[in-house]
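Take a look at the structure set out below.
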Amino acid sequence: MRRVINSIFYDKRDYKLIEIVNSVYNEPKRLGYTGKLLYPFFHPLGIKELAESRGLRAAYSIINLMESIKSGDITSRLDALAGLKDDIVDTVGGPIPKNTSRVLMQIMKDLVRAKGQPEHQIKLAHNFRIAAFGKPRVIRKLLEHYHLLEMPEEWNQITFDDHVHDANTSGRKSATHLIMDAWIKGIRRLRVIYYHYIEPKWALELIEAARIMEIDLGIGIEFWPLHRDRYISVIWVSRGLHNLESFLTFLAKPSVIEFMEQGKALVKFQENFLYLLLDRFNQSGRMELCRNLDITMPPVAAEEFPDFIGPGQPSFQYLGEFIHSKVLAAIQRQMSLVKKEADAPRAQTHLDRLSERMNDFMVNDILEQYLDAEHFFNKLYDYVKEKGNNAPPRLCVQFCTLLDQIDDLLDDSRITLNLDRLEPEDVLELLYDSGGRISRIEIINLKNYNPLDNEIMLRVNELQAAVNPGSILKLKRIISKIIADIQKKETDQKEDRLKKLSVILNDIDEFKHMFAARPIKLKIGSDSTGKPGHYGMGFAVIDTLPFRVRQKIEKENSDRLRLPVNVKTSLCTLTSPPEFISGAIAWIPGIRALLSIKKRKWIPEFFMLYPVSKGNLVTLGRSAFMGHKDNLIEESGKKSKSKKSFKYLNSKLKNCFKIIVGFIPAQLCFMLTKDWWLLSYFGALIWFGITGIRNVIQSVIGGGGIRRASRLKWNDYVSWDRLADSLLFTGFSVPLLDYLVKTLLLDKTLGVTIDNGPVMLYTVMGLANGIYLSTHNFFRGLPKGAVTGNFFRSIISIPVAVVLNAFIGAVLGFFNIPNVSGVLQKWAAIISKGASDIVAGFIEAAADRSVYTRLRNQNIRKKIFELFDIYSKLILLFPETEELNILEDSAMLLNNKNSEVRDLAKLIIINALDLFYFWMYLPRAQSTLIRLVSEMTPEEKIIFFQAQNMLRHEHHISRLFVDGVLGGNFSPPLSFYLISYRSYLKSIEKIRASILGEKSDEMPYLVPNRKP
């Protein structure tokens, strides 16, 4: 019985996907060939599809990203990220491909994490497959499930985070993993902060990962200089280092290396101080903690701390997390002992109490109650003074001295002042002392942000608003207020501070000119480390998000945090002419403007703090607590049960169910309202037949499957899931059009029939059908264009229905059929339906064709660009050879003594193999390739045809596959190549003859050239 139930839910492909994912874990070297030199040059939709499925490659990439932090294998992580972008981000179709890619990557992450949880894995595998169809309604539900905000498909949203950390400091994720997660969240601009120094390998991984995912990246280093015997936080972000090469060159300068070594010495010194704090905790804090939690915990072993940190830097936060992990382990041991007690009721009470403590006890409790987080920096400064000359110089440096050192390293820098541990008077002094070198203030840091206590933030905001315009009146008022506040307080160095503020007040004219060339900008950061207990990284300007998302944020009492910040934006629209216009329509006035490509770009102008309003800035993540604490363990005695729902139903059964649900109202309507047996018993079948045949024909025509030389069958073009949805909704249109509109409204209420008003009848039915189509399209979450397009398709179908009605009437009259008007009246709904589907067939086939053509245009252009790039490198290696003759003797290239020449020849073969696969398997690839080749220059055409001719080298290409360029499963791609390459080359030869006007000669392409 259980097997029968399981067969009802989920698909064989779901289990296959799980098998694939688990196989990557069980055989970690299975896809080791993906790191080889040639593998990245294969297109994700090309011939490698025959060797390994996209699901397998995506799983391998995710595992490499998430599991290789400690291995330090940066290259494999970057290759994995590039592969993931190719396999998921760049090749996903559908109405909302960007959001679909985000969902697919998130599901695959969870699927990889769920190893060993079969019930959870099968649900995730099913969700992954369903999401791959790209249905907007499904994608939006999954976005909500994963707490991801939908982003505009133009990818022009203003989303950012100016302060995050990766695993090399205090974060949980490697740099590559961090960039991937930032993209999934929808972040377009990111600033990653390191403590005290940066290693070249960290910068390499971060910059390359950001380049792959096209994220605007900034790298900063946080320092702790002294100001009035207190450590403050400033962040240095380098400018003018626009690429990886320039950044690594900068880090290789001797002065920079020496500067970074000082940072390393600081980190080592801080590690010793942390061990001192841990020792103090073991001596006193641990006893107090055990009493408060009623547990027994041995001293925390300091030697385990480095392993806990991993590749990160030792920090106060890490120390708290380390101790917290030991506390949780102690509670679990205590719970195990309690479970063995004989008195069951008492044991259960004790168990529940321990469980509650375990769930409520957080890292911050350790930091604040037992490690005295509030005075950490004061204790560190005391420790530095105690060590005297043995303390690292970086911990003894004053603020202005540090700025001078940074200026010596790089002329163009940005210094950000962090408000942590600062008062308004400190900010004023630091701005003045910097001489205009502070150009950013981190006004909000979520780690320290308290919406109920933001007085310092608001006063600093007032100061910045007065400094930037250089208003002496405002500046004097604010400085005077700060002086008055200091006079009322009893603080350290009060007299000295008042003297300094008086100097600033008297030098106010010079002060205002310090920031004239470089005004102070405000920054907002999450300080995210990717660990629980935080909102997570990322902020979004609400105005730049899709309309439905803006509505939802405004209406719901969301767990996302809306900051009191109002970002002023402007929308810029860039218009470029269409790439191609058919000559048949080019003469139409205004057609170029109508078909022009428009790109919208949001430009942030400035932002201001508004404490009384919510503002238009929202966190991308939700609160980690979300109204309740995340349970670290299940409630004792309770077991979660796996619930199955309709969404996990087997796909074939689900499609059948949809068709049946749609068929029932259609059949009932015809049976109860028609007295003619043909319509009564077969009306629903005719209705469904019209919709079904139209869907199949439009899919085949849209994919270019009528005349084809490819290996695709007609049913490969048809989306059966899409067909089932169409039949479901068309079934409910029968009672709407045939009974409610035609019979009740028009005939019985208004007296409109075929006899007295055929135009009115089909007009009303067409409008009703258009409203129905638009409504269910909107319900399904289709794009606005599809909703409006389906409405106007019904309007266009009205004259078609009138003409069709007249034609059928004439045919019936020709054959002397009695009561022609009565027959037409009975068939009016079907005639209206047929007219609508005829119009829909043309429109949607054209739309499918446009989508396929656009995708193939992207795929093939990319391969052609790569081909000419490879050929350019070959030209440099053969400077004395005529540029168009290099590929004529391709055997010479493949057997050349120069390994670089041989590798470039192999890359040309790979390029041709992908184009060969496109031609045979991808819809609209053939027509697109012919058009793109015809648009080439004469020289480019010659190079292209010579490159395809490389496929005739059977021996070399077979050896390439056998040697594992696509892994061990080389049989399918090799068989495909050997069986089909001759027919492909024949087709290419015909194209060459047609385009170049030469006589076709197919024989040279049948066998490789052989030396005599």
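Reminder that position 276 of the sequence shown reads as 275 in numbering that gives the first Met the number 0, one-by-one numbering, no gaps. Even glycine gets a Cβ: it sits at the ideal position worked out from N, Cα and C. In this text, all values refer to a predicted model and were calculated from it rather than measured experimentally.
1) Would you give the residue range spanned by the beta strand (DSSP E) that residue 571 belongs to?
2) In angstroms with no decimal places, state the Cα-to-Cα distance between residue 941 and residue 887.
3) Look at the alpha carbon of residue 314 and the alpha carbon of residue 300, and state the distance between them as a whole number of angstroms.
4) Let me know the secondary structure DSSP gives residue 632 once reduced to three states.
5) In this structure, what does DSSP give as the bridge partners for residue 417?
6) Could you spell out where the alpha helix (DSSP H) holding residue 831 opens and where it closes?
7) How do the stretch 383-400 and the stretch 276-291 stand: do at least 3 beta-carbon pairs fall below 8 Å, yes or no?
8) Measuring only the C-alpha atoms, how far is residue 538 from residue 526?
9) In whole angstroms, what is the alpha-carbon distance linking residue 644 and residue 543?
10) Below 8 Å on the Cβ atoms is my guess for residue 725 versus residue 768; work out the distance and round it to an integer in Å.
11) To the nearest angstrom, how far is it from the Cα of residue 658 to the Cα of residue 734?
12) Would you kindly work out how many angstroms separate the C-alpha atoms of residue 149 and residue 232, rounded to a whole number?
13) Does the separation of the CB atoms of residue 439 and residue 520 fall below 8 Å?
14) Who are the near neighbours of residue 685 in its chain, counting only those whose CB is closer than 7 Å to its CB and skipping five residues on each side?
15) Which term fits residue 891, buried or exposed, when burial requires 16 or more other beta carbons within 10 angstroms of its beta carbon?
16) Tell me, which residues are paired with residue 158 by DSSP?
17) Apart from the five residues just before and just after residue 390, which ones in its own chain have a Cβ nearer than 6 Å to its Cβ?
18) To which residues does DSSP link residue 812 through a beta bridge?
19) How close, in whole Å, do the beta carbons of residue 185 and residue 156 come, if the pair is a contact with beta carbons under 8 Å?
20) Quick one: give me the first and last residue of the alpha helix (DSSP H) that residue 620 is part of.
21) Put residue 34 into one of helix, strand or coil per three-state DSSP.
22) What residues in its chain sit with their C-beta under 7 Å from that of residue 423, if we drop five residues either side in the sequence?
23) Per the contact definition of three or more C-beta pairs closer than 8 Å, is the stretch 926-938 in contact with the stretch 968-980?
24) What is the rounded straight-line gap between the Cα of residue 1028 and the Cα of residue 600?
25) In its own chain, which residues sit with a C-beta less than 8 Å from the C-beta of residue 625, not counting the 5 before and 5 after it?
26) Is residue 604 helix, strand or coil by DSSP?
27) Can you give the Cα-Cα distance for residue 524 and residue 196, rounded to whole angstroms?
28) When the Cα atoms are used, what is the spatial distance from residue 425 to residue 416?
29) Would you report the Cα separation of residue 488 and residue 510, rounded to the nearest angstrom?
30) Could you check the C-alpha separation between residue 261 and residue 545 for me, to the nearest Å?
31) Whole angstroms is fine: what's the gap from residue 59's alpha carbon to residue 304's?
32) Run the CB neighbour count on residue 680, radius 10 Å, all protein chains shown included, and call it buried at 16 or more, exposed below.
33) Can you tell which of 598, 748, 615, 953 has its C-alpha closest to the C-alpha of residue 605?
34) Can residue 694 and residue 667 be called in contact, C-beta distance under 8 Å?
35) By the 10 Å Cβ neighbour count, where 16 or more other Cβ atoms means buried, how is residue 517 classified, buried or exposed?
36) In angstroms, rounded to a whole number, what distance separates the CA positions of residue 491 and residue 505?
According to the structure shown:
1) 564-575
2) 10 Å
3) 16 Å
4) Any reading at residue 632 is ruled out, since the residue's pLDDT is 42, under 50, leaving its predicted position unreliable.
5) 441
6) 827-876
7) no
8) 12 Å
9) 35 Å
10) Between residue 768 and residue 725 the Cβ distance is about 14 Å, and since that is not below 8 Å, they are no contact.
11) 16 Å
12) 35 Å
13) yes
14) 829
15) exposed
16) 539
17) 383
18) DSSP output for residue 812 lists no bridge partner at all.
19) 6 Å
20) Run containing residue 620: none in the alpha helix (DSSP H); it sits in the beta strand (DSSP E), 616-621.
21) Its pLDDT being 45, under 50, residue 34 is placed unreliably in this model, and the value from its coordinates should be taken loosely. Of the three classes helix, strand and coil, the one that applies to residue 34 here is helix, per DSSP.
22) 455, 458, 459, 462, 481
23) no
24) Residue 1028 lies beyond the range of the chain shown here (0 to 1011); nothing can be said about it.
25) For residue 625, the predicted model reports a pLDDT of 43, less than 50, meaning its position is unreliable; a value from the coordinates is still stated below. Only 558 meet the Cβ criterion.
26) strand
27) 20 Å
28) 11 Å
29) 25 Å
30) 48 Å
31) 31 Å
32) exposed
33) 615
34) no
35) exposed
36) 23 Å
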